[in-house]
Amino acid sequence: MTAPLAAALLPLALLAPAASPVSVVDADFDPATAFVPPAAISYAQDLVPYGSHARVVTDRSTPGRTVLTLTATGLAPAHEFPVHLHTGSCGADPAASGPHYQDAVDPVQPSTDPAYANARNELRMVLRTDAHGDGTASAAVAWQPRPGGARSLVLHAGTPAGPHAAGDRVACVKLEK
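Mapping of the sequence shown onto mature numbering (1 follows the signal peptide of the UniProt record, and there is no 0): residues -18 to -1, 1 to 159, in sequence order.
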């Protein structure tokens, strides 16, 4: 390669690689107090035991669409976990994950207005575990989260009101590093 050609290509080699439209987070659930801050935190060992595992695949390869798939192993058997994107990062306090991520943000928080708090404006799914505590859930929405806007995926306990009622936050998976 000639020196002028090599000099011309050098700036291209220094460019940061483009972000992949598909991201994968693989993590074991640990306590928030772990020595190394965990990528996945359990707040309720009876439902999300330490050492249970989550794999989150976020696919943004189609413009204007997001598909998120959660696969979990070792959770409480035969349980329904409502799952949502949240705006904050996981922390020692379950509330650190903030409110549900909304494509169009409700100006009144906490958001209870059905014009904003709905399955078209929030990514919602229900993870149903089998007799071994394993399960997979997937959801697709017709939008892509704003950069830095959806920082975690939260598993809720569920409530007697049904599988879509959120209940307490029992686990959190960090989506951003």
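For every residue, glycine included, the Cβ atom is placed at its ideal position computed from N, Cα and C.
Quantities reported herein were computed from a predicted structural model and do not represent experimental measurements.
State the DSSP-derived secondary structure class of residue i, mapped to helix, strand or coil.
i, result
"Pro64", "strand"
"Ala139", "coil"
"Ala124", "coil"
"Ser79", "helix"
"residue 161", "Residue 161 lies beyond the range of the chain shown here (-18 to 159); nothing can be said about it."
"Asp8", "strand"
Residue i and residue j look like a contact to me (Cβ under 8 Å); what is the Cβ gap, rounded to whole Å?
i, j, result
"Arg110", "Glu158", "27 Å between Cβ atoms; not a contact."
"Thr69", "Gly131", "6 Å"
From which residue to which residue does the beta strand (DSSP E) around residue i run?
i, result
"Leu52", "Thr48 to Thr55"
"Thr40", "His35 to Asp41"
"Arg110", "Arg106 to Arg110"
"Ala99", "Premise fails: Ala99 is in no beta strand (DSSP E) and is neither H nor E."
"Val152", "Arg151 to Lys156"
Just how far apart, CA to CA, sit residue i and residue j?
i, j, result
"His138", "Thr44", "28 Å"
"Cys154", "Pro96", "25 Å"
"Gln126", "Ser2", "14 Å"
"Leu52", "Val108", "10 Å"
"Thr94", "Ala122", "22 Å"
"Val136", "Gly46", "23 Å"
"Gly56", "Val152", "14 Å"
"Ala26", "Pro76", "10 Å"
"Asp88", "Ala74", "26 Å"
"Val7", "Val90", "31 Å"
"residue 160", "Phe11", "No information on residue 160 is available, as it lies outside the stretch -18 to 159 that the chain covers here."
"Gly140", "Pro64", "6 Å"
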